[in-house]
Structure formats: C-alpha cells, structure tokens
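Numbering (UniProt numbering), first residue to last: 1 to 276.
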C-alpha cells in the first residue's frame with residue numbers, strides 16, 4: 001500500500017483538518033515550540049499535573065492514542081450499487097484517495113484492482129473487458145485476470161520467455177464482495193488480508209434484501225472530505241445545539257436536559273405509480 005501515504009489516520013486527541021493544525025501548533029511541544037503558561041495559572045496547573053501523576057493507570061483506564069486510533073484501512077467500503085455497474089465494461093472510482101477499478105471477470109464475479117497498469121500506469125478503467133473475460137489495458141493491450149495476474153502481453157514473442165508471469169506484471173487485487181446489492185471492497189492488498197471476509201464482513205442491512213421492501217439507490221456529489229462529512233454533516237446529535245431553532249425541539253420528560261428526537265412529526269412519503 002505504498003500509494004496511500006496521504007490517507008488520514010485521525011486519532012482521538014487530534015481534531016479534523018483545519019482544526020488539527022491549530023490544535024497541534026498551540027498545545028503540543030515539538031522541538032523548538034514551547035507554549036508559554038500564564039503566571040496566574042502556573043500553580044493551579046502544577047497541582048493538576050501532580051494529581052494526575054500520582055494516579056496510576058489501571059487495566060480499565062484510557063489506553064494510548066495509538067490503541068484508540070481508528071484504522072481507516074481495516075474497514076469495508078462501498079464501491080457502487082451493482083445495479084449501476086455495467087458488467088461489460090470496467091468502472092473506475094476514487095475512494096479515500098485510492099484509485100480503483102471494478103469489473104466483471106470471466107469467472108462471473110466482480111473484482112476490484114488498482115486502477116493502473118503496471119506497464120505504463122495507464123488507467124485500467126479506460127480499457128475494456130475482452131472476449132475471454134479479462135481486463136485489457138487500453139494502452140498496449142495487456143490482459144489481467146480477476147486476481148490481478150497478467151495473462152497476455154501482445155508484444156511478447158510467442159516462443160519467447162513467459163514474461164507475463166513476472167510478478168512485476170501483476171496488478172494489486174483487493175478483497176471484494178457483493179452484499180445488500182452493493183459491491184464492497186477492502187483496501188488492503190497484502191496476502192494476509194486475502195481471506196479478510198471470514199473474520200470481518202461489511203455492514204449488513206437486512207431490509208435491503210427483504211422482498212417485502214422496495215429499495216431505491218441514489219447518489220449525490222457532496223463537496224466535503226469524507227472525515228468532515230462523517231464528523232459533522234451526518235452527525236444529528238449536534239443539530240439542536242449548533243443549529244438551535246432550525247430543527248423540531250423535543251426533550252425527555254424525566255430528564256429535561258436530554259434531547260430526544262421528535263419522531264411524531266415524521267410521516268412516510270407516499271406516491272402513486274401509474275403504468276401505461
């Protein structure tokens with residue numbers, strides 16, 4: 001995974017993006033940066049530090065930031081609903097800064113590979129699926145199977161050495177699975193993650209596979225980074241406070257200070273469909 005040095009690995013003590021720079025520059029000591037402490041707070045802060053030092057860590061206490069860090073690479077990510085994918089062509093996407101290509105191979109399965117031919121790094125998503133169900137590069141016609149192995153190099157002499165079997169001619173392959181009518185992939189290519197599906201599966205929503213429900217998939221382009229989107233945009237808990245007055249107000253009778261969503265104001269969307 002040498003192509004993922006820029007993948008964010010946020011930790012519990014570090015806020016996201018712009019806040020992280022301000023937070024780290026004002027509170028951390030790194031080399032030459034030392035934060036001055038106002039004189040009137042010196043005694044109080046020293047007392048707090050002394051108390052903290054006297055309290056030994058127990059087995060149930062907070063562990064280090066490294067132990068609590070969220071591992072972005074140990075997750076399953078949706079590529080696209082299968083209904084949006086043409087099995088006769090490759091499809092390229094960028095997920096968390098990682099460029100990948102999905103295609104339907106000759107074995108009748110969806111596959112996810114790095115979107116770069118090992119020859120000249122041409123995007124494999126701009127290629128095609130040949131008549132043998134192999135992913136063919138648009139540049140020089142190199143062909144790859146579902147595992148990422150090179151199966152054919154048109155320019156290689158027929159009676160020459162089997163250069164297509166060289167490990168440098170392979171494309172990195174990602175674990176993938178179709179679940180809930182969605183193609184998921186796991187962003188690790190190391191051999192030890194080949195069977196990751198046996199220990200960890202993608203999130204499962206039973207209603208999607210329930211025939212008594214009708215599922216509609218929709219997609220939108222949002223101009224936010226994935227971390228800001230998850231930490232703020234789709235965080236409903238901050239709405240009644242950060243956006244006070246813009247959402248229905250509701251509180252618990254037993255605990256007036258606790259916010260409880262008012263589900264009584266919500267109603268299902270109904271519509272009629274007429275078939276001609």
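Note that the Cβ used here is the ideal one computed from N, Cα and C, for glycine as well.
Asked	Found
Looking only at DSSP bridge pairs, what is residue 128 linked to?	136
Look up residue 179 in the DSSP assignment and say whether it is helix, strand or coil.	strand
Determine, using beta-carbon pairs with one atom in the region 183 to 191 and one in the region 67 to 79, whether at least three such pairs fall under 8 Å.	yes
Please tell me whether residue 277 and residue 144 are closer than 8 Å, where the distance is taken between their beta carbons.	This structure does not reach residue 277, given that the chain is present from 1 up to 276, and the question cannot be answered.
So which of 246, 81, 137 and 196 has the shortest CA-CA distance to residue 218?	81
Check whether the region 84 to 93 touches the region 221 to 239, counting contact only when three or more Cβ pairs, one atom from each stretch, lie closer than 8 Å.	no
Mapping the DSSP letters down to three states, classify residue 200 as helix, strand or coil.	coil
What's the C-alpha gap between residue 69 and residue 163?	43 Å
Looking at the unbroken beta strand (DSSP E) that takes in residue 213, where does it start and where does it end?	Looking at the DSSP string, residue 213 is not in any beta strand (DSSP E), and its letter there is neither H nor E.
Rounded C-beta distance between residue 176 and residue 149? I'm assuming under 8 Å.	With 8 Å as the limit, residue 176 and residue 149 do not qualify as a contact, their Cβ atoms being about 16 Å apart.
Please report the residue range of the alpha helix (DSSP H) in which residue 241 lies.	239 to 242
Using the rule of at least 16 other Cβ atoms within 10 Å of the residue's Cβ for burial, across every protein chain shown, is residue 111 buried or exposed?	buried
Where does residue 198 land, buried or exposed, given buried means 16+ other C-beta within 10 angstroms?	exposed
Count Cβ pairs between the region 198 to 211 and the region 128 to 141 that sit closer than 8 Å; are there 3 or more?	no
Once the 5 residues before and after residue 151 are set aside, which same chain residues still bring their CB inside 7 Å of it?	134, 143, 144, 145 and 164
Assign residue 49 to buried or exposed, taking buried as 16 or more other Cβ atoms, counted over all protein chains shown, within 10 Å of its Cβ.	In this predicted model, residue 49 has a pLDDT of only 42, less than 50, meaning its place in the structure is not dependable; the value taken from the coordinates is given anyway. By the 10 Å Cβ count, residue 49 comes out exposed.
If you reduce the DSSP assignment to three classes, tell me which class residue 113 lands in.	strand
Within this structure, are the beta carbons of residue 100 and residue 115 separated by less than 8 Å?	yes
Compare the C-alpha of residue 214 against each of 168, 155, 181 and 234 and name the closest.	181
Based on DSSP bridge pairs, tell me the residues matched to residue 159.	Answer by DSSP bridge pairing: none, since residue 159 is not bridged.
Mapping the DSSP letters down to three states, classify residue 93 as helix, strand or coil.	strand
For the beta strand (DSSP E) that contains residue 150, what are its first and last residues?	150 to 152
Put residue 169 into one of helix, strand or coil per three-state DSSP.	helix
Are residue 167 and residue 147 closer than 8 Å when you measure CB to CB?	no
Cα-Cα, which of 141, 194, 238 and 179 is closest to residue 204?	179
Hey, could you find the ends of the beta strand (DSSP E) residue 78 is sitting in?	77 to 81
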